[in-house]
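Structure, as structure tokens:
There are 2 protein chains.
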Amino acid sequence: MKLTILGCHSATPRFNAAPTAQVLEVRGHLFLIDCGEGTQMRLRACKVKFSRIKHIFISHLHGDHFFGLVGLIATFHLLGREAALNIYGPKGIKDAITLQLKLGKSWTNYPLQFHELESNQSVTLFEDEKLSVRTIPLKHRIYTNGFLFAEKVGLRKLDLEAVKKYRIDTSYFNKIKQGADLLLEDGSIIGNEELSLDPDPPKRYAYCSDTGYHPDMLPLIAGVDVLYHESTFLEQHLDLAENTGHSTAAQAAQIAAAAKADRLILGHYSGRYAELEDFRAEAAVYFPNTELATDGAIFEL
Amino acid sequence: MKLTILGCHSATPRFNAAPTAQVLEVRGHLFLIDCGEGTQMRLRACKVKFSRIKHIFISHLHGDHFFGLVGLIATFHLLGREAALNIYGPKGIKDAITLQLKLGKSWTNYPLQFHELESNQSVTLFEDEKLSVRTIPLKHRIYTNGFLFAEKVGLRKLDLEAVKKYRIDTSYFNKIKQGADLLLEDGSIIGNEELSLDPDPPKRYAYCSDTGYHPDMLPLIAGVDVLYHESTFLEQHLDLAENTGHSTAAQAAQIAAAAKADRLILGHYSGRYAELEDFRAEAAVYFPNTELATDGAIFEL
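Here it is as structure tokens:
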């Protein structure tokens, strides 16, 4: 998994502070998560081959997570896109986008498929043989979901020593990866455990923004490899966090610790703070393995 | 008049090519003309005091002129704006904006007043004692207006020599600027023409984007001091210009020449051209006093 932070700041886009958007590259997919104003420029600036994006997940319909979507959809049209584009987001997102396209008489030539969400339970949005994506219901001022990206257990890996030792033909490779034993010419059987190695453990990435402190999410994100959790405020502004449906860095870290996550990435900082390091320091008290998202940062998960 | 080009490129916003938006400062007003995606970041980058904007004019509802509007409106709200904001644009603009604000439960605290346009005749949008703004109906793929900003004749200017000579008290200044004569203590009358000078000639700025070649606009823009006219294409792509409702640089210059404008500013360049100077050169054949808009450029008119 490779996570590119296109933007990680809250509220108003500024000259050097892009609103929320990130790209997750996993098992051949390029997923876009949230799409604040200017995301298409950020995709270009970060040199993401964004024509490969086929699924866009929108957490909620506040502008700093959503106002860049219609422009990206229009740009795909102008660039001659043909592949279908799937948009997952709160109910109403289809009307908001299609009304604007209609007013501009700018219908897309490619299929634009909306998957509108309104459940307060976790639901599966996408699944193939390699991974699944499901919602993480969050607690914000308006209907909001986080997203859990979970790889499935992959194929076993060929033991190259065994391949050499038994002179295994390439035509058997896939069956062995799938767990098959090997029948030798003398009739003896070599068990799969002698031919292959355990697959890489599947990784899980949880994206949780925007949300107030919300332990209800813990069963869904228990043991995730990486948790991205918003931290709009520091504890000195806990009252603001509570009033606006946001979290402090300490609260984000408490969620990461309770979930027994491996890593925590903070983001969605309020513009009132000059020093992002304060977020990391506040969180590290509860969860030492805390990192800061910054615009343009790349995390290899 | 001072014109700041926030962006002047067509279609998709790119890393170093902002879509259309410009700010006209005239007689104490700060008018925003069009508002492509990212305009609020461009306002900050160009150090425009954008809280002073009270009137926004939207030519048409294609994304590269319009997709930044909702974000700017939301940002004004987050920054605590109280002053009313007037939006002038094609019918449908109110629904597009209000639907998005409604979905985010992000109603503005300040009055947001929409003035929706659907007339194919020129209509006056704004008028005070110093200037007027009216539409210039254009010819594009969808309903589109340009805008004519016309100063009114100002007050006469005090002749400082006369002030000294006749020891005129400051309490008379305004009346003299308005054309009054002066009654001296000895009963004699000094005519206003001896006390004041002619006012500066009123300036007019015409903004015409997007449009195909459209001589119908000539009566409205005859003799303007400055014409901003789109030139999406060069003559080598005249067929594209005609098919998409745009102009070539040569056509823009022909309009400027026929209108007997003083200056022509070109903009709305297609991204297919590497060298903007080609636009100026093509236009200069028909209208020598041609300049190129560039992102961030400031024109003192």
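So the sequence lines, in the order shown, correspond to chains A and B.
Per my numbering, the very first residue in the first sequence carries number 94; after that it's consecutive.
Per my numbering, the very first residue in the second sequence carries number 94; after that it's consecutive.
We put the CB at the ideal spot given by N, CA and C, even for glycine.
Segment contact: the segment 227–239 of chain B against the segment 248–257 of chain B, fewer than three CB-CB distances shorter than 8 angstroms; contact not assigned. Contact of B/D371 with chain A is not assigned, every C-beta pair being separated by 8 angstroms or more. Taking the Cα positions, A/A349 is about 14 angstroms away from A/G305. The way I'd put it, the segment 285–293 of chain B doesn't touch the segment 309–324 of chain B; fewer than three beta-carbon pairs between them come closer than 8 angstroms. Per DSSP, the unbroken beta strand (DSSP E) holding B/E244 starts and ends at 238–244. The DSSP assignment places complete alpha helix (DSSP H) segments of no fewer than 4 residues inside the segment 168–198 of chain B at 186–196, in order along the chain. A direct Cα-Cα distance of roughly 19 angstroms separates A/A346 from A/I98. Scanning its chain for C-beta atoms nearer than 8 angstroms, with the 5 sequence neighbours on each side dropped, one finds around B/L369 the residues Y362, L385, T387, in chain order.
The segment 103–166 of chain B is shown to contain whole beta strand (DSSP E) runs of 3 or more residues at 114–119, 122–126, 148–150, in chain order.
Taken atom to atom, the span from the alpha-carbon of A/V116 to that of A/R137 is near 12 angstroms. Contact between A/I269 and A/L276 does not hold, since their C-beta atoms are separated by about 12 angstroms, which reaches or exceeds 8 angstroms. Looking at the DSSP output, A/S289 sits in a beta bridge with A/L251. The residues A351, A352, in chain order, have a CB closer than 6 angstroms to that of B/L311 in the same chain once the five nearest residues on each side in sequence are set aside. No Cβ-Cβ contact shorter than 8 angstroms links A/K223 with A/R373.
For the pair A/D293 and A/E244, the Cα-to-Cα distance works out to about 10 angstroms. The beta carbons of A/E328 and A/E393 sit about 30 angstroms from each other, so the pair does not count as a contact at 8 angstroms. Taking B/Q344 as the centre and dropping the five residues before and after it, the same chain places the C-beta of Y306 closer than 6 angstroms to its C-beta, in chain order. Burial check for B/I282: the Cβ neighbour count within 10 Å stays below 16, so the residue is exposed. Residue-level contact check: B/I235 touches chain A, since one or more beta carbons of chain A fall below 8 angstroms from its beta carbon. In this structure, B/L171 lies near A/A104, with their beta-carbon atoms less than 8 angstroms apart.
In this chain, A/P312 is not harboured by any beta strand (DSSP E); it is covered by the alpha helix (DSSP H) spanning 311–314.
If you check the CB distance, A/M134 and B/F108 come in under 8 angstroms. Distance from the CA atom of A/I146 to the CA atom of A/L178, rounded to whole angstroms, is 8 angstroms. Judged by DSSP in its simplified three-state form, A/A299 adopts strand. A/I269: member of the alpha helix (DSSP H) spanning 266–270, first to last residue. Rounded to whole angstroms, the gap between the alpha carbons of A/Y298 and B/H148 is 45 angstroms.
The C-beta of B/L253 has fewer than 16 other C-beta atoms within 10 Å across all chains shown, which makes the residue exposed.
A/A377 and A/T341 have their C-alpha atoms some 12 angstroms from each other.
Linking B/L205 to A/E335 through their CA atoms gives a straight-line distance of about 29 angstroms. Judged by their CB atoms, B/K187 and B/F219 are not nearer to each other than the 8 angstroms cut-off. Of all residues in the segment 302–333 of chain A, none comes within less than 8 angstroms of chain B when Cβ atoms are compared.
In the structure shown, the three-state DSSP call for B/L277 is coil.
Looking at the DSSP output, B/T383 sits in a beta bridge with B/L357. DSSP places B/H330 in the helix class (H, G or I) of the three-state scheme. By the rule that beta-carbons nearer than 8 angstroms mark a contact, A/F108 touches chain B. Within chain A, the residues whose beta carbon sits less than 9 angstroms from that of B/A138 are F108, listed in sequence order.
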